[in-house]
Amino acid sequence: MRRGIALLLALAGLVLFGQGGYIHAKALLAQVLLERAFTETIATGRATKPWSWADTWPVARIEVKRIHARTIVLAGSSGQALAFGPGHVENTPEAGERGVTVYSAHRDTHFRFLQDIVIGDEIDVTRSDGKTFRYRADSTSVVRFDASGIDALGDGHELVLSTCWPFEALTPGPDRYLLHATLIGPVP
Amino acid sequence: MTICGEIQPDRPWRLSRKMRVILFFAFEGAAALLIGFAALFLSFEPGWSAERAQPAFLKASDARSGSLLLKTEDGYADASRLGIDVDLAVSGPTVRARVTQIFRNPTQNWVEAVYVYPLPSGGAVDTLKMVVGDRVIVGDIKERQQARLIYEQAARNGQKAALTEQERPNIFTNSVANIGPGETVLVQIEYQEPVQQNGHEFSLRLPMVVGPRYNPAPVVQSVDFRPDGGGWGAIKSDPVPDRDRISPQVLDPATNAPVNPTSITVRLQAGFALGEVKSHHHAIKTESPDGNTRIIKLAEGPVPADRDFELTWKPAAEKAPSVGLFREHVGDSDYLLAFVTPPSVEQSEKKPLPREVIFVIDNSGSMGGVSIIQAKASLIYALGRLQPGDRFNVIRFDHTMDVLFPTSVPADREHVGQATSFVGALQANGGTEMVPAMRAALSDNANLGDANYVRQVVFLTDGAIGNEQQLFETINALRGRSRIFMVGIGSAPNTHLMTRAAELGRGTFTHIGSVEQVEERMRGLFAKLENPVVTNLTAKFSDTAADITPSAIPDLYRDEPLILAARLDKLSGSVEIKGRIGDRPWVVTLPLANSAEGKGLSKLWARRKIADAEVARTTRQATPDEADKTILALALEHQLVTRLTSLVAVDKTPSRPEGEPLKVTELPINLPAGWDFEKVFGERQRLPVTPTERRADAGEAKVQVAALKRPVPAVTAAPSTVQLPKTATDAELRMILGVILIIFSCGLFAFNRRQALLP
Numbered sequence: 001m002r003r004g005i006a007l008l009l010a011l012a013g014l015v016l017f018g019q020g021g022y023i024h025a026k027a028l029l030a031q032v033l034l035e036r037a038f039t040e041t042i043a044t045g046r047a048t049k050p051w052s053w054a055d056t057w058p059v060a061r062i063e064v065k066r067i068h069a070r071t072i073v074l075a076g077s078s079g080q081a082l083a084f085g086p087g088h089v090e091n092t093p094e095a096g097e098r099g100v101t102v103y104s105a106h107r108d109t110h111f112r113f114l115q116d117i118v119i120g121d122e123i124d125v126t127r128s129d130g131k132t133f134r135y136r137a138d139s140t141s142v143v144r145f146d147a148s149g150i151d152a153l154g155d156g157h158e159l160v161l162s163t164c165w166p167f168e169a170l171t172p173g174p175d176r177y178l179l180h181a182t183l184i185g186p187v188p
Numbered sequence: 001m002t003i004c005g006e007i008q009p010d011r012p013w014r015l016s017r018k019m020r021v022i023l024f025f026a027f028e029g030a031a032a033l034l035i036g037f038a039a040l041f042l043s044f045e046p047g048w049s050a051e052r053a054q055p056a057f058l059k060a061s062d063a064r065s066g067s068l069l070l071k072t073e074d075g076y077a078d079a080s081r082l083g084i085d086v087d088l089a090v091s092g093p094t095v096r097a098r099v100t101q102i103f104r105n106p107t108q109n110w111v112e113a114v115y116v117y118p119l120p121s122g123g124a125v126d127t128l129k130m131v132v133g134d135r136v137i138v139g140d141i142k143e144r145q146q147a148r149l150i151y152e153q154a155a156r157n158g159q160k161a162a163l164t165e166q167e168r169p170n171i172f173t174n175s176v177a178n179i180g181p182g183e184t185v186l187v188q189i190e191y192q193e194p195v196q197q198n199g200h201e202f203s204l205r206l207p208m209v210v211g212p213r214y215n216p217a218p219v220v221q222s223v224d225f226r227p228d229g230g231g232w233g234a235i236k237s238d239p240v241p242d243r244d245r246i247s248p249q250v251l252d253p254a255t256n257a258p259v260n261p262t263s264i265t266v267r268l269q270a271g272f273a274l275g276e277v278k279s280h281h282h283a284i285k286t287e288s289p290d291g292n293t294r295i296i297k298l299a300e301g302p303v304p305a306d307r308d309f310e311l312t313w314k315p316a317a318e319k320a321p322s323v324g325l326f327r328e329h330v331g332d333s334d335y336l337l338a339f340v341t342p343p344s345v346e347q348s349e350k351k352p353l354p355r356e357v358i359f360v361i362d363n364s365g366s367m368g369g370v371s372i373i374q375a376k377a378s379l380i381y382a383l384g385r386l387q388p389g390d391r392f393n394v395i396r397f398d399h400t401m402d403v404l405f406p407t408s409v410p411a412d413r414e415h416v417g418q419a420t421s422f423v424g425a426l427q428a429n430g431g432t433e434m435v436p437a438m439r440a441a442l443s444d445n446a447n448l449g450d451a452n453y454v455r456q457v458v459f460l461t462d463g464a465i466g467n468e469q470q471l472f473e474t475i476n477a478l479r480g481r482s483r484i485f486m487v488g489i490g491s492a493p494n495t496h497l498m499t500r501a502a503e504l505g506r507g508t509f510t511h512i513g514s515v516e517q518v519e520e521r522m523r524g525l526f527a528k529l530e531n532p533v534v535t536n537l538t539a540k541f542s543d544t545a546a547d548i549t550p551s552a553i554p555d556l557y558r559d560e561p562l563i564l565a566a567r568l569d570k571l572s573g574s575v576e577i578k579g580r581i582g583d584r585p586w587v588v589t590l591p592l593a594n595s596a597e598g599k600g601l602s603k604l605w606a607r608r609k610i611a612d613a614e615v616a617r618t619t620r621q622a623t624p625d626e627a628d629k630t631i632l633a634l635a636l637e638h639q640l641v642t643r644l645t646s647l648v649a650v651d652k653t654p655s656r657p658e659g660e661p662l663k664v665t666e667l668p669i670n671l672p673a674g675w676d677f678e679k680v681f682g683e684r685q686r687l688p689v690t691p692t693e694r695r696a697d698a699g700e701a702k703v704q705v706a707a708l709k710r711p712v713p714a715v716t717a718a719p720s721t722v723q724l725p726k727t728a729t730d731a732e733l734r735m736i737l738g739v740i741l742i743i744f745s746c747g748l749f750a751f752n753r754r755q756a757l758l759p
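These protein sequence lines map, in sequence, to chains V and P. Position 80, counted from 1, in the first sequence is what the numbering used here calls 80; the numbers after and before it change by one each time, with no gaps. Position 354, counted from 1, in the second sequence is what the numbering used here calls 354; the numbers after and before it change by one each time, with no gaps.
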């Protein structure tokens, strides 16, 4: 009888573990498909959906060479898009343009590497037209989601990578960790 | 567990076959419950619950360190008092309002009074007069900062001075400096606004009180400041940067008699023979000198300023005139105001498109009292009006949010029944986080095959929030093909928010001020929702260049007139208005020579242009700099108070003797009628939020020395901060819970085996 309980608990545990693992697996797998779609986008110059039923498409690639981090950014920051990759937050300019470009991703998947970035790291962003821009990380801050203080149309050329804070927390919260970077220039 | 103990150790398996099945389900249920509870407890994230401990409302007294008005239990016996007299003259299409505020200082000190008050959001404030003794001082329009400086300077010099500033397009502040002991000062402002028309009914609304607004509390922590821009984001990131300027003291109606007695007179000259004239929230007495004129006064003399005044009138004839054309010549230009009501066409021949209606209901604390009853009644009425072919969904929000159905569902009896009982059970409590609810309402599943449905969002709220700009940006970014219909609930909804949200969402704004109005107004709204009348509207002048506002004419719904203001080089030729009614073209041509003389049209035109510029700024069609330049030029030319300009009047003769200090009094406002004080401000005992060390000298502390006053606030542009998405998954939480359960079950296994092995 007790074995029955134990079995059940084990089963429930496996299901939960599996659900958690599924989120990570989806995040990892999608990036492979996204990488492919993004390469095609650069080659053809047209937005390409990574899979036929996707409601978003890749718009940029973020790369931090020092820590070998690389991820494809999707259009929009809806929950659906964020499950597969970082999202380009609506109403912020494209990388390399005047203003503040904001990319957002989950702290436990695509933007886990944000905690490894140190001030001075170089961040390369490749746009869907193939142009690459290099940014330098120059500060970090923690703000509330609705009080980011980011003026997307401000002067200067900036990049903000945003994720949930704190990194170790298990439940969603209102705080966001921001990594600010300033444009150095285009990468030839 | 006791059952397990009774099982014979030598035949543990056979006996329990049936039992095992039962126990299987029992334990499965228990395990599910366990997980559910664990998830429930863990999902209350610490960040939020910690915040909840502090009051969600920051009031003037919290934020404005230098100008505390300290409240004692005995009320405001010694503080300055205020009387208000409103004189409204309706002539044809416009209302000219003269608001006289009487500031009396019963104290022994020289005081400065600051009064926050609402005006209609289409109102153009153009005149400020101050009456001191027998002298009248007329105010000048100045750039906001400059006006502030002039006022501060006069206040220091001991001169009487008055300043009118715009805090929101519908919230203004009057400051009056150097009111002597026992002295009375009159401050008069005048504004112009267009008459509202809906079907055969004309109306005007006079807002009387600023409802306390929920201002999302800012939390800014910085790990690492930017090397270049010291203190990055420290001030900018507050979603309501001017929270202290729009949060006046509010009196608890239970312990204070209503203050700010207000008298109202309306001189109504509609330009046609008048039929029924009705006031919706106040008793009135009406005189009729002739068929076209009415003089309306409050029946019971002055009333406390705690609910909006609303007056409607109808023509004696069955049908209202369907066209109105008015002109005014100012400077080198002619201004034109046109009202056109499109003909109503029988819709019965065409089957209306099926609709997808998303209802959003605000059940936050500010909706407590009568408001939530009105909102629920309105929504339940609306649910009853859905047609079998329609789809719908219901979202409720306070600082949390629930979406009733995962996606929109057909409006069959079962779903409507579910929704009705869901709405019936709602309670008003908590904060107002409107933006996530709007986002949810606008997330459109067009790819699910319901793209053929007309998508309408009906949003019921009192609009008591201070971060309007964020809501506008959300609407602008996400509206897609949805139309947003705002339903303002309660006695003092935030008209500016409602009007602008409806405008951005290409819908309409309906105000419901009392439970009795629910059915009538909702019926009107639904008639509109079911019948969009005229689309693709354009206006063209035949032989003159014209600057027309609104530049993009919105769709018209049933009974709505098209209101068009224009500045013309010369008054000749005609204006042609084109559109489509259903699938048929509609054209009307109005010869300009037939227009009638009107008053204040240039100001209405300028006010609309300013509103357009503000919209362009919100929608990023113009850069903030460009928009501000346009607004400033218009405001200075037409003498209007705007976000960037203020009116200031200074008496040349100093009145306060040197050496006498000036004290600041902030005038308290009433809570809007029907609001529940405890719901809005939390428990009564917690208020006032008074620093204890000041309580000792409460008598003296009611007013404070002007020198300690708040620093001169810079022109605070509305914040345009980026909203960051939610970026955490519960993957790890699930995995950890999973591991815990597995380990636990392993332990249980081991324990079982040991038990089984024992003799």
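Backbone N, C-alpha and C define an ideal beta-carbon position, used for all residues, glycine too.
- Distances from the alpha-carbon of isoleucine 179 (chain P) to those of P:Ala161, P:Gln469 and P:Ile141 put P:Ala161 closest.
- Think of a sphere of 8 Å around the beta carbon of isoleucine 117 (chain V): no beta carbon from chain P falls inside it, the nearest being about 12 Å out.
- Counting only residues of its own chain and dropping the five nearest sequence neighbours on each side, glutamine 723 (chain P) has a CB closer than 8 Å to the CB of Val435, Gln470, Glu473 and Thr474.
- About 10 Å separates the beta carbon of isoleucine 67 (chain V) from that of isoleucine 123 (chain V), a gap too long to meet the 8 Å contact definition.
- Under DSSP, methionine 401 (chain P) forms a beta bridge with P:Phe397.
- Apart from sequence neighbours up to five positions away, the residues of its chain that approach glutamine 196 (chain P) with a beta-carbon distance below 6 Å are Ser203, ordered along the chain.
- For valine 73 (chain V), there are no C-beta contacts with chain P under 8 Å, since the nearest C-beta of that chain is about 13 Å from it.
- With contacts defined as CB atoms closer than 9 Å, alanine 616 (chain P) and alanine 627 (chain P) qualify as a contacting pair.
- Short of 7 Å from the beta carbon of leucine 379 (chain P), and not among the five residues preceding or following it, lie these beta carbons of its own chain, in chain order: Phe359, Ile361, Val423 and Leu460.
- Scanning its chain for C-beta atoms nearer than 6 Å, with the 5 sequence neighbours on each side dropped, one finds around arginine 608 (chain P) the residues Thr549 and Ala565, in chain order.
- For isoleucine 117 (chain V), no beta strand (DSSP E) segment is defined, and its DSSP state is neither H nor E.
- In this chain, histidine 200 (chain P) is not harboured by any alpha helix (DSSP H), its DSSP state being neither H nor E.
- Separation of alanine 316 (chain P) and leucine 601 (chain P) (C-alpha to C-alpha, rounded to the nearest whole angstrom) is 26 Å.
- Put simply, the CB of threonine 642 (chain P) is far from chain V, with every gap to its CB atoms at 9 Å or more.
- In this structure, DSSP gives valine 575 (chain P) an extended state, which the three-state scheme calls strand.
- When Cβ-Cβ separations below 9 Å define contact, serine 148 (chain V) makes contact with chain P.
- Interface annotation, glutamate 122 (chain V): not in contact with chain P, CB-CB separation never under 9 Å.
- In this structure arginine 584 (chain P) is exposed. Its beta-carbon is surrounded by fewer than 16 other beta-carbon atoms within 10 angstroms.
- Fewer than three beta-carbon pairs drawn from the segment 139-156 of chain P and the segment 91-104 of chain P are found closer than 8 Å, and the two stretches are therefore not classed as touching.
- Contact between the segment 323-336 of chain P and the segment 374-390 of chain P is absent: fewer than three C-beta pairs spanning the two stretches fall below 8 Å.
- Contact with chain V is found for lysine 726 (chain P), since one of that chain's Cβ atoms lies less than 9 Å from the residue's Cβ.
- Partner residues in the beta bridge of alanine 89 (chain P), as assigned by DSSP, are P:Arg96 and P:Arg267.
- The DSSP-derived three-state label of tryptophan 313 (chain P) is strand.
- With contacts defined as CB atoms closer than 9 Å, tyrosine 177 (chain V) and serine 128 (chain V) fail to qualify as a contacting pair.
- Selection P:Glu183, P:Val90, P:Ala611 and P:Val454 evaluated against glycine 271 (chain P) yields P:Val90 as nearest (Cα-Cα).
- For glutamine 469 (chain P), the enclosing alpha helix (DSSP H) starts and ends at 468-478.
- Alanine 613 (chain P) carries a helical assignment under DSSP once its states are collapsed to helix, strand and coil.
- If you keep only unbroken alpha helix (DSSP H) runs of at least 4 residues inside the segment 419-447 of chain P, you get 434-442.
- By the criterion of a C-beta distance shorter than 7 Å, isoleucine 284 (chain P) is surrounded in its chain by Ile296, Lys297, Leu298 and Ala299, once the five residues flanking it on both sides are discounted.
- The contact set of serine 482 (chain P) on chain V, defined by CB atoms closer than 9 Å, is empty, because the minimum CB distance reaches about 16 Å.
- Residues Ala124, Asp126, Gln192, His638 and Leu640 of the same chain have their beta carbon placed closer than 7 Å to that of lysine 603 (chain P), with the five preceding and five following residues left out of the count.
- Rounded to the nearest angstrom, the Cβ distance from asparagine 363 (chain P) to arginine 413 (chain P) is 25 Å, too far for a contact under 8 Å.
- Judged by pairs of C-beta atoms under 8 Å, the segment 274-282 of chain P touches the segment 300-315 of chain P, as three or more such pairs exist.
- Contact note: valine 457 (chain P) does not reach chain V at a C-beta cutoff of 9 Å; the least C-beta distance is about 18 Å.
- Under a criterion of Cβ atoms nearer than 8 Å, the residues of chain P adjacent to aspartate 108 (chain V) are, in order, Ala728, Thr729, Ala731 and Glu732.
- Contact between methionine 486 (chain P) and alanine 502 (chain P) holds: CB atoms are separated by about 5 Å, below the 8 Å threshold.
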